[in-house]
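>
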């Protein structure tokens with residue numbers, strides 16, 4: 019699915035233009051850059067497309083999560099309820115703020131289950147952060163209701179879902195802020211990069227200051243003469259990536275359309291047996307189609323399908339084994355100083371000592387992931403490849419169900 023599949027002369031020209039002008043810093047050298055700021059152009063274009071008032075470009079999707087949380091004042095002791103099925107950066111960003119990730123369950127959308135969240139809300143809870151996994155939106159209506167009822171922030175980790183919609187509106191635009199990742203695996207990629215969108219202009223200013231050492235960004239004076247608004251750090255995006263992002267943004271809708279067409283062609287040639295389901299998304303029409311997911315009635319059937327489909331030339335993964343996206347595998351986060359900062363959301367005799375992401379928890383999540391097979395889809399897929407995949411999937415179904 020990577021956006022680099024659509025790299026062509028447009029991206030080459032965009033990068034070369036920056037190099038020819040020799041101005042790669044997004045803020046400095048005002049006197050020789052002729053008023054050209056590619057990162058700022060990219061931010062404005064993203065905000066306009068997503069329907070947000072403001073957009074801030076940063077160095078990665080992980081940085082986007084961290085900067086956005088810090089700008090909201092998330093700090094030690096604060097609790098953020100989120101998903102145990104997400105890229106590990108969602109949890110690392112919370113921990114880097116000194117806050118406490120509280121991991122609920124997922125449902126068969128593969129996103130955070132709203133019904134598992136409410137019982138985990140305490141006086142320390144500051145936000146609920148659904149993650150729009152595999153380009154499919156979570157139930158934003160229900161999460162908005164919960165946040166309004168309990169006076170919580172609604173954060174959106176949309177890093178895997180730039181361009182996905184929920185009831186006609188882009189994900190990332192429902193909460194206090196939303197984040198997008200632009201890493202090498204995303205539909206819009208600049209190599210490494212991230213975006214934060216928000217309608218809160220005061221929050222945007224805090225993020226803008228924080229992501230650049232507290233600089234106030236007065237472009238009428240030399241950068242070294244600027245005042246310092248706050249302490250911060252360096253999470254800036256450079257002009258090369260800003261230019262690349264502009265070129266890629268023009269192709270985002272095309273990439274989404276091609277992915278959806280690929281998924282459609284596969285499903286048109288696949289006979290899904292009774293008992294197998296696609297993701298239970300609250301708005302299926304808005305998903306990106308970056309993955310094709312089959313949810314089986316039980317783990318054994320899923321494994322039988324995986325084996326047979328692989329032998330027939332259509333290998334797939336079982337999500338319970340995904341070490342970077344499923345919390346039960348995160349041994350590194352059980353070690354060191356983080357260990358005592360994770361709250362266990364379940365009744366257990368070791369609640370004061372065992373992290374919330376320990377592998378004995380999330381029975382519903384583990385059940386779902388253990389019986390879920392996933393195929394990653396590319397933007398550019400020849401018909402022969404799609405036909406081979408569909409044939410292999412059908413062979414897998416026949417073997418799994420004894421037909």
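In the working numbering, the protein residues as written are 19 to 421. C-beta atoms are modelled at their ideal positions from N, C-alpha and C, and glycine is treated no differently.
I need the DSSP call for residue 273, collapsed to helix, strand or coil.
Numbered from its first residue, the chain shown carries residue 273 at position 255. Of the three classes helix, strand and coil, the one that applies to residue 273 here is helix, per DSSP.
> Taking the alpha carbon of residue 37 as the reference point, which residue from 56, 24, 177, 20 has its own alpha carbon closest?
Your numbering for residue 37 matches position 19 in the chain shown. The option with the nearest alpha carbon to residue 37 is 56.
> If I follow the unbroken beta strand (DSSP E) through residue 144, where does it start and stop?
Within the chain shown, the letter at position 126 stands for residue 144. Counting along the chain, the beta strand (DSSP E) containing residue 144 begins and ends at 143-146.
> Return the first residue and the last residue of the beta strand (DSSP E) that residue 394 is part of.
For the purposes of this step, residue 394 is taken as the residue at position 376 of the chain shown. It spans 390-394 - the beta strand (DSSP E) in which residue 394 sits, taken as one unbroken run.
> Under a Cβ-count criterion, where at least 16 other Cβ atoms within 10 Å of its own Cβ denotes burial, should residue 40 be classed as buried or exposed?
Sequence index remark: in the chain shown, residue 40 carries index 22 (1-based). Looking at its Cβ environment, which holds fewer than 16 other Cβ atoms inside 10 Å, residue 40 is exposed.
> Touching or not, the segment 321-336 and the segment 96-103, by the rule of three or more beta carbon pairs under 8 angstroms?
They do not touch, by the three-pair rule.
> Smallest Cα separation from residue 315: which of 178, 195, 299, 291?
Numbered from its first residue, the chain shown carries residue 315 at position 297. Residue 291 is the option with its Cα nearest to residue 315.
> With a Cβ-Cβ cutoff of 8 angstroms, do residue 180 and residue 205 count as a contact?
As a first step, residue 180 must be located in the chain shown, where it is residue number 162. As a first step, residue 205 must be located in the chain shown, where it is residue number 187. In contact: residue 180 and residue 205 (Cβ atoms closer than 8 angstroms).
> For the putative contact between residue 247 and residue 234, defined by C-beta atoms under 8 angstroms, what is the C-beta separation to the nearest angstrom?
The count along the chain shown starts at 1 and reaches residue 247 at position 229. The count along the chain shown starts at 1 and reaches residue 234 at position 216. Yes, residue 247 and residue 234 are in contact; Cβ-Cβ is about 5 angstroms, under 8 angstroms.
> From 20, 126, 279, 111, pick the residue whose C-alpha is nearest to that of residue 120; which is it?
Position 102 of the chain shown, counted from the start, is the residue given in the question as residue 120. Per the Cα distances, 111.
> Apart from the five residues on each side of it in sequence, which residues of its chain come closer than 8 angstroms, Cβ to Cβ, to residue 186?
By 1-based counting over the chain shown, the position of residue 186 is 168. If we look at residue 186 and ignore the five residues flanking it on each side, its Cβ neighbours are 304.
> Would you report the Cα separation of residue 75 and residue 162, rounded to the nearest angstrom?
Taking the first residue of the chain shown as 1, we reach residue 75 at position 57. Taking the first residue of the chain shown as 1, we reach residue 162 at position 144. Answer to the nearest angstrom: the Cα atoms are 25 angstroms apart.
> Could you check how far apart the C-beta atoms of residue 65 and residue 73 are, in whole angstroms? I think they sit under 8 angstroms.
Counting from 1 along the chain shown, the entry for residue 65 is found at position 47. Counting from 1 along the chain shown, the entry for residue 73 is found at position 55. Yes, they are in contact, since the Cβ atoms of residue 65 and residue 73 sit about 4 angstroms apart, within 8 angstroms.
> In chain order, what residues of the same chain have a beta carbon less than 8 angstroms from the beta carbon of residue 433, not counting five sequence neighbours either side?
Residue numbering for the chain in the displayed model covers 19 to 421; residue 433 lies beyond these limits and cannot be assessed.
> Rounded C-beta distance between residue 263 and residue 250? I'm assuming under 8 angstroms.
As a working mapping, residue 263 is identified with position 245 in the chain shown. As a working mapping, residue 250 is identified with position 232 in the chain shown. About 22 angstroms; that fails the 8 angstroms criterion.
> Helix, strand or coil for residue 229, going by three-state DSSP, please let me know.
Here the question's residue 229 lines up with position 211 in the chain shown. It is coil, neither helix nor strand.
> For residue 239, which residues does DSSP report across the bridge?
Locating residue 239 in the chain shown gives position 221, where the first residue counts as 1. Paired residues: none, contrary to the question.
> So, helix, strand or coil for residue 247, using DSSP?
Walking along the chain shown from the start, residue 247 turns up at place 229. If DSSP states are grouped into helix, strand and coil, residue 247 belongs with coil.
> Among 51, 302, 346, 136, which has the Cα closest to the Cα of residue 240?
Counted from its first residue, the chain shown places residue 240 at position 222. Here the closest residue by C-alpha is 51.
> Look at the alpha carbon of residue 28 and the alpha carbon of residue 195, and state the distance between them as a whole number of angstroms.
For the purposes of this step, residue 28 is taken as the residue at position 10 of the chain shown. For the purposes of this step, residue 195 is taken as the residue at position 177 of the chain shown. For residue 28 and residue 195, the distance between alpha carbons rounds to 30 angstroms.
> Could you tell me which residues DSSP puts in a beta bridge with residue 172?
For the purposes of this step, residue 172 is identified with residue 154 of the chain shown, where counting begins at 1. Partner(s): 146.
> Between residue 408 and residue 313, what straight-line distance do the alpha-carbon atoms span, to the nearest angstrom?
Translated into positions along the chain shown, residue 408 becomes position 390. Translated into positions along the chain shown, residue 313 becomes position 295. One C-alpha to the other measures close to 16 angstroms.
> On the premise that residue 172 lies in contact with residue 145, defined as a C-beta separation below 8 angstroms, what is that separation, rounded to the nearest angstrom?
By one-based count along the chain shown, residue 145 stands at place 127. By one-based count along the chain shown, residue 172 stands at place 154. Right, their Cβ atoms sit about 7 angstroms apart.
> Go ahead and label residue 54 buried or exposed: buried means 16 or more other beta carbons lie within 10 angstroms of its beta carbon, across all protein chains shown.
The residue given as residue 54 occupies position 36 in the chain shown. So residue 54 ends up on the exposed side.
> Residue 101 and residue 191 look like a contact to me (Cβ under 8 angstroms); what is the Cβ gap, rounded to whole Å?
On the chain shown, residue 101 is found 83 positions in, with the first residue counted as 1. On the chain shown, residue 191 is found 173 positions in, with the first residue counted as 1. Residue 101 to residue 191, Cβ: 19 angstroms. No contact.
> Looking only at DSSP bridge pairs, what is residue 75 linked to?
Numbered from 1 along the chain shown, position 57 holds the residue referred to as residue 75. Answer is 213.
> For the alpha helix (DSSP H) containing residue 47, name the first residue and the last one.
Position 29 of the chain shown, counting from 1, holds the residue named residue 47. That residue, residue 47, is in no alpha helix (DSSP H); it is neither H nor E in DSSP.
> Going along the chain, which residues of its own chain have a beta-carbon closer than 6 angstroms to the beta-carbon of residue 220, five neighbours each way excluded?
Looking up residue 220 in the chain shown gives position 202. The answer is none, since no qualifying residue turns up.
> Hey, how far is the Cα of residue 46 from the Cα of residue 310?
The residue labelled residue 46 in the question sits at position 28 within the chain shown. The residue labelled residue 310 in the question sits at position 292 within the chain shown. Distance between the alpha carbons of residue 46 and residue 310: 44 angstroms.
> On a CA-only basis, which of 282, 254, 255 is nearest residue 307? Give me that one, please.
On the chain shown, position 289 is the one that residue 307 refers to. Nearest C-alpha to residue 307: 282.
> From the DSSP output, read off the bridge partner residues of residue 187.
Within the chain shown, numbered from 1, the residue matching residue 187 stands at position 169. Looking at the DSSP assignment, residue 187 forms a beta bridge with 184.
> Look up residue 208 in the DSSP assignment and say whether it is helix, strand or coil.
For this step, residue 208 is matched to residue 190 along the chain shown. Three-state result, residue 208: coil.
> Within 10 angstroms of its Cβ, does residue 301 collect 16 or more other Cβ (buried), or is it exposed?
As a working mapping, residue 301 is identified with position 283 in the chain shown. Label assigned to residue 301: buried.
> To the nearest whole angstrom, what separates the beta carbons of residue 30 and residue 386, a pair I think is in contact under 8 angstroms?
Position 12 of the chain shown, counted from the start, is the residue given in the question as residue 30. Position 368 of the chain shown, counted from the start, is the residue given in the question as residue 386. Contact flag wrong, Cβ pair sits at about 43 angstroms.
> State yes or no: is the C-beta of residue 185 nearer than 7 angstroms to some heavy atom of the ligand ATP?
The ligand ATP is absent from the structure shown, which contains no ligands of any kind.
> Pull the bridge partners of residue 344 from the DSSP assignment, please.
The residue given as residue 344 occupies position 326 in the chain shown. In the DSSP output, where bridge partners are listed per residue, residue 344 has 103.
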